[in-house]
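J.: Numbering (the working numbering), first residue to last: 242 to 514. Just so it is clear, CB atoms sit at the ideal spot from N, CA and C, and this is done for glycine as well. Sharing a structure below in structure tokens format, with a few things to ask.
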Amino acid sequence: MNKNNDLSVALVALNQLNSDILLIMNAKQPTPYSIAFTTALPHGVVVGVHLPDSKEPVPDDVISRLYKGEVEVAKGFSGYKQVSWVGGRIAASMATKGFGFPRRPVLSGPSGEPIYDGGLCVTISHKRTMAVAMVARSSHGSIGIDLEIPQKPRLGIAERVLTPTELADVRALPRERQWTATIMRFALKEALYKALFPRVRRFVDFNEAEITPDVNGPAEYILTLRNEEGPFIAEGRIHWLGEHLLATAHVREPRKRRRRRPKARETGQEADR
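Okay, here's the thing in structure tokens:
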């Protein structure tokens, strides 16, 4: 698919998102490892997979759905680690199908980052009962995703993840909105750091990015990377999927401007004037 086709797919899928959300919300006892939703968002194709709230080993018939390189890795894990890792790979496999690339394993790098060798970027996140994966063409930039459930406020989070400016902005809001504003910024930063990792190859601290969220459009990132990597152009977005808050990020390098060719000098008599 070219970029225009990707956008068309995204628009069609976004029209179906409300019904997808209702399916998630109305699924009282979803089948473990079944697809919760599939949709296209501005930063990539996203697939959600239901996870069982259990440490029980993943059944063999589920592990057999993985690519052969993933099966060995999955069998080396146990408990929630195995459950979430398998769910993330099922989601990633579904999300890559529409791009027309040969199926490949999504393995893990030294820092736990998903590795997909083959023209696509893959990013994964999970909570106790849901795993999500987002996929996009690597030629369009790098991507990141984070999944959160904004439940009861957790004390001390804001002071650890927000810059002084962000903290002041949040505290200026009505008290009932402060936790949601905090968790939105937290999720957007987590997604950003995943998108930045392939470019900086290190963990990025919370104070290296400042965010102004916008629930109706792109979030604005101000990057102050301590090692002065870049420059990068970063964009974040927030999406609500039932009780889940989904943050996505896209990072790319500025496009190089083409130099204008100098006009050919005039020749002959005109050049002697």
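Consult DSSP for L388 and reduce its assignment to one of helix, strand or coil.
T.: Three-state DSSP puts L388 in a strand.
J.: Round the Cβ separation of A315 and Q323 to the nearest angstrom and send it over; I've been treating them as touching at under 8 Å.
T.: Right, the Cβ-Cβ distance comes to about 6 Å (below 8 Å), so this counts as a contact.
J.: Are P454 and I424 touching if we call contact CB-CB under 7 Å?
T.: Not closer than 7 Å, so no.
J.: Could you please give the first and the last residue of the uninterrupted alpha helix (DSSP H) stretch that includes S380?
T.: Unbroken run through S380: none, as it is neither H nor E.
J.: D301 to I276, Cα distance in whole Å?
T.: Spanning the two alpha carbons is a distance of roughly 18 Å.
J.: Confirm, please, whether the CB-CB distance from V376 to V290 is below 7 Å.
T.: Cβ distance not < 7 Å, so V290 and V376 don't count as in contact.
J.: Within the same chain, show all residues whose beta-carbon is closer than 8 Å to that of G359, passing over the 5 residues directly before and after it, in chain order.
T.: Here the set comprises F342, P343, R345.
J.: Please report the distance separating the alpha-carbon of K497 from that of L403.
T.: Cα-Cα distance, rounded: 33 Å.
J.: Using a threshold of 7 Å, state whether the C-beta atoms of A432 and V492 are closer than that.
T.: No; because the gap between Cβ atoms is not below 7 Å, this pair is not in contact.
J.: For P439, which three-state DSSP category applies?
T.: Of the three classes helix, strand and coil, the one that applies to P439 here is helix, per DSSP.
J.: Sort out for me which residues DSSP pairs A488 with in a bridge.
T.: According to DSSP, A488 bridges with D387, I479.
J.: Check each candidate in R378, I463, A374 and name the one with the smallest Cα separation from I386.
T.: It is A374.
J.: With a CB to CB cut of under 6 Å and the five nearest residues on each side skipped, what residues in its chain are close to T465?
T.: The residues are E449.
J.: Nearest to E494 by alpha carbon, out of L292, G382, Y308, V288?
T.: Ranking the options by Cα distance to E494, first place goes to G382.
J.: Drop a sphere of 10 angstroms on the beta-carbon of W481, count the other beta-carbons inside from all chains shown, and report buried for 16 or more, exposed for fewer.
T.: Counting Cβ neighbours within 10 Å, W481 comes out exposed, since fewer than 16 surround it.
J.: Could you tell me which residues DSSP puts in a beta bridge with F278?
T.: Answer is G289.
J.: Is the beta carbon of L282 sitting closer than 7 Å to the one on G328?
T.: No. Outside cutoff.
J.: Select from S366, E461, G458, R442 the residue whose C-alpha is nearest the C-alpha of N468.
T.: Among S366, E461, G458, R442, the Cα nearest to that of N468 is on R442.
J.: Which residues in the same chain have their Cβ closer than 6 Å to the Cβ of V569, if we skip the five residues on either side of it in sequence?
T.: In the structure as shown, the chain begins at 242 and stops at 514. Residue 569 is therefore absent and cannot be evaluated.
J.: DSSP three-state call for S325: helix, strand or coil?
T.: Three-state DSSP puts S325 in a helix.
J.: Starting from the Cα of G477, find the closest Cα among M371, Y321, I384 and give me that residue.
T.: Nearest of M371, Y321, I384 to G477, Cα basis: I384.
J.: Figure out for me which residue from I452, E389, V363, P298 has the closest Cα to the Cα of D410.
T.: Per the Cα distances, I452.
J.: Give the range of the beta strand (DSSP E) segment to which A460 is assigned.
T.: Its beta strand (DSSP E) spans residues 460-464.
J.: Using the rule of at least 16 other Cβ atoms within 10 Å of the residue's Cβ for burial, across every protein chain shown, is A332 buried or exposed?
T.: A332 is buried by the Cβ-count criterion.
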